[in-house]
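Asker:
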Amino acid sequence: PQLHALSAGLKAFSSWTANAGIEECRMACGGHGYSRCSGLPDIYVNFTPSCTYEGENTVMMLQTARFLVKSYTQVSSGQLVSGMMSYLNDLPGQHIQPQHVAARPTTLHVNNPSSLVEAYKLRASRMVEFAAKNFQAELNRRKSKEDAWNRTSIDLVRASEAHCHYVVVKLFTAKLSDIGDPAVRAALNNLCLLYALCGIIKNSGDFLQGSILTEAQLIQVNQRIKELLAVIRPNAVALVDSFDFSDSVLGSVLGRYDGNIYEDMFEWSKKSPLNKTQVHESFHKHLKPLQAKL
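According to the numbering used here, the stretch in the sequence shown is residues 12 to 305, in order.
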């Protein structure tokens, strides 16, 4: 059950994240990103259906939520849960921990991936607890289990997202210690920090509402993100090229390995049917006769 819950949630979480990332890349390229020659429209169109096939993402998140609620119920009754759900075991004694985390030195927090994992863990546990209690409250209003589930589904999906986000940050951080090359480890450590810190800013309401972080800390997190962007920028192309996608696979004039973007864009535009002649036939057919009447 835990494997299914984890795979269902991560399927939804990763495909939603990738889909948003593709669109962000397209918009970052301006008009060129909108053009099909960039390859980004095709990538977006081909990938977007993954949010629906092999399990519609909201349905997948609710399957994860079902297991999270079950695990929370077990913990509430005094039982222990294992695996990626084990952080729920700390819930009964966590009520003072958010203040403890917020009181940590800011430099340690924003530069230590393990500290960020702790913050994500607290966020996930809070949101699972919130969703589970809301579900129980709906049941107590003498609603059927199905109605209670539907009325709580927004909270349940958010709890699943928080859980999956915690898992990704935790596994990313754990993998850093397996990297032998110091330079590679340093580059990926910065990338891990950037990913985790950006997630905190994008979901700052969750961290503030749970008293996990303070407003002052969020300001410093935001400042650290700007510093990391400057540090990572020289390695950005190398990090992307590490996936080793060939030019033929990307089909993009913008992502060419040789960097000859504008030369290839010009060659690509010459192949367009619209550019077979110096002046498009529509000018002679419509505009020129109209001009003659003026």
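Even glycine gets a Cβ: it sits at the ideal position worked out from N, Cα and C.
What would DSSP say about GLN90, mapped onto helix, strand or coil?
Answerer: coil
Asker: Return the residue from the list LYS237, ILE190, ASN233, LEU17 that minimises the CA-CA distance to MET71.
Answerer: LEU17
Asker: Please confirm whether CYS40 and LEU51 have their CB atoms less than 9 Å apart.
Answerer: Yes.
Asker: Apart from the five residues on each side of it in sequence, which residues of its chain come closer than 8 Å, Cβ to Cβ, to PHE141?
Answerer: ASP166, ALA170
Asker: Quick one: what's got a C-beta closer than 7 Å to ALA23's C-beta in the same chain, skipping five residues either side?
Answerer: Apart from sequence neighbours up to five positions away, the residues of its chain that approach ALA23 with a beta-carbon distance below 7 Å are ASN68, MET71, MET72, ordered along the chain.
Asker: Spatial neighbours of ASN122 within its chain, please: C-beta separation below 8 Å, excluding the five flanking residues on both sides.
Answerer: LEU204, ARG235
Asker: Which residues mark the beginning and the end of the alpha helix (DSSP H) in which PHE294 is found?
Answerer: Counting along the chain, PHE294 falls outside any alpha helix (DSSP H), and DSSP gives it neither H nor E.
Asker: Can you give me the C-alpha to C-alpha distance between TYR177 and ASN214, rounded to a whole angstrom?
Answerer: 12 Å
Asker: Less than 8 Å between the CB atoms is what I'm expecting for VAL139 and LEU79, so what's the real figure, rounded?
Answerer: Contact holds; Cβ gap of about 5 Å.
Asker: Going by C-alpha to C-alpha distance, which of SER49, HIS120, LEU21 sits closest to VAL232?
Answerer: HIS120
Asker: For a test of the three-state rule: what should DSSP assign to GLY191, helix, strand or coil?
Answerer: coil
Asker: In the structure shown, what three-state DSSP assignment does ASP255 receive?
Answerer: coil
Asker: Could you tell me the alpha carbon to alpha carbon distance between ASP89 and ALA143, rounded to whole angstroms?
Answerer: Inspection of the sequence shows that residue 89 is occupied by Gly rather than by Asp. Their Cα atoms are separated by approximately 16 Å.
Asker: Take ALA173 as the anchor and find which of ARG47, ILE211, ILE54 has the nearest alpha-carbon.
Answerer: ILE211
Asker: Find out if the Cβ-Cβ distance for the pair THR184, ALA207 is shorter than 9 Å.
Answerer: yes
Asker: Apart from the five residues just before and just after HIS111, which ones in its own chain have a Cβ nearer than 8 Å to its Cβ?
Answerer: In this predicted model, HIS111 has a pLDDT of only 42, less than 50, meaning its place in the structure is not dependable; the value taken from the coordinates is given anyway. Cβ neighbours of HIS111 beyond the five flanking positions: none.
Asker: Which class does CYS40 belong to by DSSP, given the choice of helix, strand or coil?
Answerer: coil
Asker: For LEU151 and THR84, what's the separation of their Cα atoms in angstroms?
Answerer: According to the sequence shown, residue 151 is Asn rather than Leu. Looking at the two C-alpha atoms, the distance is approximately 15 Å.
Asker: Could you check if ILE230 is buried or exposed, using at least 16 other CB atoms within 10 Å of its CB as the buried criterion?
Answerer: The residue is exposed, with fewer than 16 neighbouring Cβ atoms inside 10 Å.
Asker: Figure out for me which residue from TYR268, ALA159, ASP275 has the closest Cα to the Cα of ARG77.
Answerer: ALA159
Asker: Find the nearest neighbour of SER125 within the set SER259, ASP275, LYS186, judged by alpha-carbon distance.
Answerer: LYS186
Asker: Relative to the C-alpha of ALA19, which residue among VAL56, VAL168, PRO284 is closest?
Answerer: The shortest Cα separation from ALA19 among VAL56, VAL168, PRO284 belongs to VAL168.
Asker: Where SER97 and ARG137 are concerned, what is the direct C-alpha to C-alpha distance, given to the nearest angstrom?
Answerer: 14 Å
Asker: For the alpha helix (DSSP H) that contains LYS132, what are its first and last residues?
Answerer: Counting along the chain, the unbroken alpha helix (DSSP H) around LYS132 starts and ends at 124 to 151.
Asker: Taking 8 Å as the limit between beta carbons, can you name the residues of its chain near ASN286, skipping five residues before and five after?
Answerer: SER280
Asker: To the nearest angstrom, how far is the alpha carbon of LEU14 from that of CYS209?
Answerer: In this structure, the alpha-carbon of LEU14 lies about 27 Å from that of CYS209.
Asker: For a quick check, are the C-beta atoms of ASP275 and VAL264 less than 9 Å apart?
Answerer: Yes, Cβ-Cβ distance for ASP275 and VAL264 is below 9 Å.
Asker: List the endpoints of the continuous alpha helix (DSSP H) containing TYR273.
Answerer: 272 to 281
Asker: Rounding to the nearest angstrom, what Cα-Cα distance links ASP192 and ASN200 in this structure?
Answerer: 12 Å
Asker: Find out if the Cβ-Cβ distance for the pair CYS36, GLY44 is shorter than 9 Å.
Answerer: Going by C-beta atoms, CYS36 is nearer than 9 Å to GLY44.
Asker: Please report how far the alpha carbon of ILE272 lies from the alpha carbon of ALA241, in whole angstroms.
Answerer: 24 Å
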